[in-house]
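For the protein sequence lines, the chains are P and U, in the order given.
Convert by adding 14 to the 1-based position in the first sequence; the result is the number in the numbering used here.
Convert by adding 234 to the 1-based position in the second sequence; the result is the number in the numbering used here.
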Amino acid sequence: MTGLGLRYSTRQGEVRALRDVSFDLARGEALGLVGESGCGKTSLAKSLMRLLPDNARPAGGEVLLDGEGLLSLPEEEMRRVRWRRISLVFQAAMNSLDPVYRVGQQVLEAIEAHGVEETVASARARVARLFRLVGLDPRVMERYPHELSGGMRQRVVIAMALSCDPDIVIADEPTTALDVIVQDRILRELKAIQGQLGISIIYITHDMAVVAEVTDRVGVMYAGRLVELGETAAVFRSPLHPYTEALMSSFPSVSGEKRRLASLSGEPPDLADPPSGCAFHPRCAYATALCREQSPPRVGRGGQWAECWHPLDPAAVPVDPA
Amino acid sequence: MMPRPGDAAVTHDLPLVEVDGLVKHFPVAGNVFRKPSGFVHAVDGVSFRIGRGESLGLVGESGCGKTTVGKLLVKLLEPTAGSISFCFADASGDEAPSEPVDAATLTGGRLRDFRRQVQLIFQDPYGSMNPRRTIYDTIAEPLAVQRIGNALDRVDRVAEILTLVGLTPASSFLFRYPHELSGGQRQRVAIARALVLEPSLVVADEPTSMLDVSSRTGIMSLMEQLARGLDVAYLYITHDLAVARYMCDRIAVMYMGKIVELAETEELLRHPLHPYTRALLSAVPVPDPEHRRDPPAISGEVAAPVDPPPRCRFYERCPQATSTCESSPHPPLEEKAPGRFAACYEV
Ligand SMILES: Nc1ncnc2c1ncn2[C@@H]1O[C@H](COP(=O)(O)OP(=O)(O)OP(=O)(O)O)[C@@H](O)[C@H]1O
Ligand SMILES: Nc1ncnc2c1ncn2[C@@H]1O[C@H](COP(=O)(O)OP(=O)(O)OP(=O)(O)O)[C@@H](O)[C@H]1O
Ligand code: SF4
Ligand SMILES: [Mg+2]
Ligand SMILES: [Mg+2]
Chain P
15 MTGLGLRYST RQGEVRALRD VSFDLARGEA LGLVGESGCG KTSLAKSLMR
65 LLPDNARPAG GEVLLDGEGL LSLPEEEMRR VRWRRISLVF QAAMNSLDPV
115 YRVGQQVLEA IEAHGVEETV ASARARVARL FRLVGLDPRV MERYPHELSG
165 GMRQRVVIAM ALSCDPDIVI ADEPTTALDV IVQDRILREL KAIQGQLGIS
215 IIYITHDMAV VAEVTDRVGV MYAGRLVELG ETAAVFRSPL HPYTEALMSS
265 FPSVSGEKRR LASLSGEPPD LADPPSGCAF HPRCAYATAL CREQSPPRVG
315 RGGQWAECWH PLDPAAVPVD PA
Chain U
235 MMPRPGDAAV THDLPLVEVD GLVKHFPVAG NVFRKPSGFV HAVDGVSFRI
285 GRGESLGLVG ESGCGKTTVG KLLVKLLEPT AGSISFCFAD ASGDEAPSEP
335 VDAATLTGGR LRDFRRQVQL IFQDPYGSMN PRRTIYDTIA EPLAVQRIGN
385 ALDRVDRVAE ILTLVGLTPA SSFLFRYPHE LSGGQRQRVA IARALVLEPS
435 LVVADEPTSM LDVSSRTGIM SLMEQLARGL DVAYLYITHD LAVARYMCDR
485 IAVMYMGKIV ELAETEELLR HPLHPYTRAL LSAVPVPDPE HRRDPPAISG
535 EVAAPVDPPP RCRFYERCPQ ATSTCESSPH PPLEEKAPGR FAACYEV
């Protein structure tokens with residue numbers, strides 16, 4: 015994915031939801047995407063799937079899947095890619111089920127529509143297997159969405175996203191409505207199938223603990239830009255961007271001393287009118303006049319990079335964005 | 235010394251809600267239409283109380299009945315059995331609690347007052363908002379229904395609360411529609427709508443699950459400030475024990491429609507008594523990529539509680555179960571140590 019941009023037009027003007035976002039995803043890799051609410055994570059997922067609302071306008075960039083450009087594909091061909099090759103677990107997925115059909119039926123239809131199984135019986139067996147995988151009793155297939163709890167509906171949608179053996183699964187806050195035991199199980203199962211089938215997963219989440227446990231690399235977004243990317247362990251051990259550091263210093267935990275939670279001071283920027291220079295400068299403890307005036311360069315160390323004038327590790331050297 | 239509203243320890247002793255033996259069963263449709271093939275025991279004999287300004291956490295596995303308890307409290311559902319009674323402070327602001335009223339008997343003006351005093355923040359901020367109404371309409375509606383302020387005051391009030399929940403500049407959000415917001419922004423609108431009426435009790439169903447940590451922290455401290463300043467009590471439903479730790483004075487752990495443990499937050503987290511609580515704690519992910527956690531002692535398979543057998547609900551998955559557990563009814567919730575309640579034969 016290179017140079018991806020996206021704007022929404024609203025009554026208050028253009029919201030610049032994505033600006034020049036580039037990254038690559040390897041087969042079998044788990045990539046985490048984190049960042050504050052409203053920074054553009056869901057917009058990124060929807061751009062990849064080409065499921066954008068009417069007021070959205072792509073602003074440049076390209077997405078290549080095994081060398082094939084997705085953004086210029088005609089819609090019929092995109093339908094061949096969507097769900098079968100790239101699938102998405104929507105944020106607040108629990109609401110995307112149709113209230114008038116039994117939940118098992120809905121997953122079954124997804125499988126039949128894409129011709130993944132030969133017979134109805136094998137398709138049914140696949141649904142039952144998927145339900146067990148997400149920790150649901152297959153008898154739940156016979157129930158209607160309103161008869162399920164929030165977390166149960168969320169799991170039905172995860173099963174649906176996995177139903178057509180996609181190459182890439184984008185999971186937008188997939189486990190936020192789930193308790194830790196079910197979450198643990200689903201994350202372990204996803205990890206296992208990711209290894210076995212070579213599925214790549216993009217986890218969009220605000221939960222740094224989930225990122226730490228299941229991802230290989232992590233990207234940090236701020237105000238519509240990817241501001242840091244690197245191996246998860248490296249980013250946790252030694253972040254380069256001041257925003258990443260701030261993001262990581264503020265999670266609550268169940269063990270250890272009960273700390274006062276350090277809230278990141280200041281407000282996230284208004285995307286209709288983003289700050290000049292580095293968008294993070296109004297909230298950054300290290301900001302200088304340079305940060306206010308000019309866009310920061312990309313600097314890196316090993317495979318890790320950040321966009322910052324004053325990276326936390328002075329050993330980081332300028333890298334070529336390409 | 236007079237009790238001050240900000241003095242949590244004092245006001246918690248004034249009861250606000252008393253829940254006694256609450257039961258909710260849902261029929262399961264059979265293959266033959268209309269004839270139920272069984273009942274989901276979503277909530278099965280739950281009792282607890284919440285003091286004024288107190289924050290009680292309700293945690294537990296997906297499908298264990300948390301949302302159902304919340305909906306019963308705000309009267310979106312009527313119980314199959316059991317009672318809920320409320321003791322609201324007098325409108326005069328008098329500290330003396332009024333007589334407890336049974337929620338089932340409320341009608342007319344008292345029901346309208348109840349709808350102001352008790353607010354629900356829904357688990358899904360998508361389903362709970364009308365897509366055709368702007369953020370301003372969404373938040374101002376309860377003010378209009380309750381006939382609070384005039385149209386001009388309401389704009390100020392709404393802008394003020396948007397700022398409080400971190401949707402700034404408020405002017406850029408007032409006239410947007412729900413679909414023009416990100417998930418977390420929508421969740422904050424839902425929180426603003428519940429708080430704008432300054433209620434006595436807020437049932438918050440996973441209110442911050444979609445927020446990143448920094449905005450979550452902001453919302454959590456806002457809710458905490460309201461609890462202290464305005465004596466707002468919370469039933470805080472969450473699956474996130476770390477969040478419960480920051481928000482709640484006490485925590486109740488639910489399993490398949492029953493409360494299995496209830497204690498002060500730090501006590502419960504430090505020395506969990508019930509085997510289920512212990513399993514829950516061992517499954518909390520750790521924010522450190524180098525750390526490898528063992529899988530939790532119990533698996534993720536949960537059957538829906540359709541006509542469950544009469545023994546301990548946790549028996550099938552319990553690593554400590556004995557023959558007593560197998561042959562006895564579900565254990566009662568007993569006080570095992572001062573202020574520490576658990577429902578288990580082996581504790
Ligand atoms: N259809 C739309 N019209 C106008 N603005 C929009 C629309 N959808 C999203 N936005 C805005 O674009 C920005 C990015 O939204 P997005 O949903 O991608 O955020 P996010 O990172 O997923 O946040 P969250 O963690 O809260 O879900 C936000 O500021 C949001 O208000
Ligand atoms: N209207 C209904 N009809 C039938 N069954 C229902 C209904 N509402 C809830 N249930 C069942 O009651 C049980 C408890 O549901 P509830 O929504 O209270 O769970 P929860 O603890 O909030 O779970 P989650 O954490 O997943 O949101 C579940 O087994 C669910 O399937
Ligand atoms: S570029 Fe400057 S303002 Fe931006 S994060 Fe780095 S130090 Fe802070
Ligand atoms: Mg989102
Ligand atoms: Mg629920």
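Cβ coordinates follow ideal geometry from the N, Cα and C atoms, glycine included.
The beta-carbon of residue 259 (chain P) is placed no less than 7 angstroms from the nearest beta-carbon of chain U. At least one CB atom of chain U sits nearer than 7 angstroms to the CB of residue 196 (chain P). With fewer than 16 other Cβ atoms from the protein chains shown falling within 10 Å of its own Cβ, residue 579 (chain U) counts as exposed. Linking residue 346 (chain U) to residue 472 (chain U) through their CA atoms gives a straight-line distance of about 28 angstroms.
The beta carbon of residue 181 (chain P) sits no closer than 7 angstroms to any beta carbon of chain U.
Distance from residue 159 (chain P) to residue 113 (chain P) at the Cβ level is roughly 5 angstroms; contact confirmed, criterion being Cβ atoms closer than 8 angstroms. Between the C-alpha atoms of residue 516 (chain U) and residue 309 (chain U) there is a straight-line separation of about 35 angstroms. Distance check between residue 103 (chain P) and each of P:322, P:16, P:65 and P:88 places P:65 closest, using alpha-carbon atoms only.
In the same chain as residue 380 (chain U), and ignoring 5 residues on each side of it, the C-beta atoms closer than 7 angstroms to its own belong to 350 and 431, in chain order.
Nearest to residue 372 (chain U) by alpha-carbon distance, out of U:393, U:357 and U:352, is U:393.
Bridge pairing for residue 437 (chain U): U:354 and U:469 [DSSP]. Beyond the five residues adjoining it in sequence on each side, residue 402 (chain U) comes within less than 8 angstroms, by CB distance, of 396 in the same chain, given in chain order.
In this structure, the straight-line span from the alpha carbon of residue 425 (chain U) to that of residue 455 (chain U) is close to 13 angstroms. Only those residues of the region 65-82 of chain P whose C-beta falls short of 9 angstroms from the nearest C-beta of chain U are listed: 67 and 69. Below the 7 angstroms Cβ cutoff, chain U contributes no neighbours of residue 62 (chain P), its closest Cβ being approximately 17 angstroms away.
Proximity of the region 193-205 of chain P to the region 163-170 of chain P meets the contact definition, three or more beta-carbon pairs being nearer than 8 angstroms. At a cut-off of 7 angstroms, the C-beta of residue 518 (chain U) has a neighbouring C-beta in chain P. Pairing residue 283 (chain U) with residue 467 (chain U) gives a Cβ-Cβ distance that is not under 7 angstroms. Contacts between residue 224 (chain P) and chain U, judged by CB atoms closer than 8 angstroms, involve 519 in chain order. Ligand 2 has a heavy atom closer than 6 angstroms to the beta-carbon of residue 164 (chain P).
In this structure, the beta-carbon distance from residue 76 (chain P) to residue 83 (chain P) falls below 7 angstroms.
Within its own chain, the residues whose Cβ lies closer than 6 angstroms to the Cβ of residue 324 (chain P), once the five positions on either side in sequence are excluded, are 300, listed in chain order. Taking a cut-off of 8 angstroms for Cβ pairs, the region 562-576 of chain U and the region 539-550 of chain U touch, as three or more such pairs fall below it.
With a cutoff of 7 angstroms on beta-carbon distance, residue 290 (chain U) and residue 462 (chain U) are scored as not near each other.
Residues of the region 282-304 of chain U that bring their beta carbon within less than 9 angstroms of a beta carbon in chain P comprise 293, 294, 295, 296, 297, 298, 299, 300, 301 and 302, in sequence order.
With a threshold of 7 angstroms between beta carbons, residue 132 (chain P) makes no contact with chain U. Here residue 258 (chain P) has 234, 241, 242, 249 and 320 as same chain residues with Cβ atoms under 8 angstroms from its own Cβ, once five neighbours each way along the sequence are excluded. DSSP places residue 492 (chain U) in the uninterrupted beta strand (DSSP E) bounded by 492-498. Put simply, the residues with a CB less than 7 angstroms from any heavy atom of ligand 4 are P:55, P:56, P:105, P:186, P:187, P:218, U:416, U:417 and U:418, in chain order. Contact check for residue 301 (chain U) against residue 353 (chain U) fails: the beta carbons are separated by 7 angstroms or more. For residue 286 (chain U), the three-state secondary structure derived from DSSP is coil. Along the region 46-57 of chain P, the positions whose C-beta sits under 9 angstroms from a C-beta of chain U are 48, 49, 50, 51, 52, 53, 54, 55, 56 and 57, read in chain order. Burial is judged here by how many other beta carbons sit within 10 angstroms of a residue's own beta carbon; residue 514 (chain U) has at least 16 and is buried. Sequence-ordered contacts of the region 405-424 of chain U with chain P read 406, 409, 410, 413, 414, 416, 417, 418 and 419 [C-beta pairs closer than 7 angstroms]. Residue U:487 holds the alpha-carbon nearest to the alpha-carbon of residue 280 (chain U) among U:271, U:487 and U:408. Taking C-beta atoms as the reference points, residue 54 (chain P) and residue 31 (chain P) count as a pair closer than 7 angstroms.
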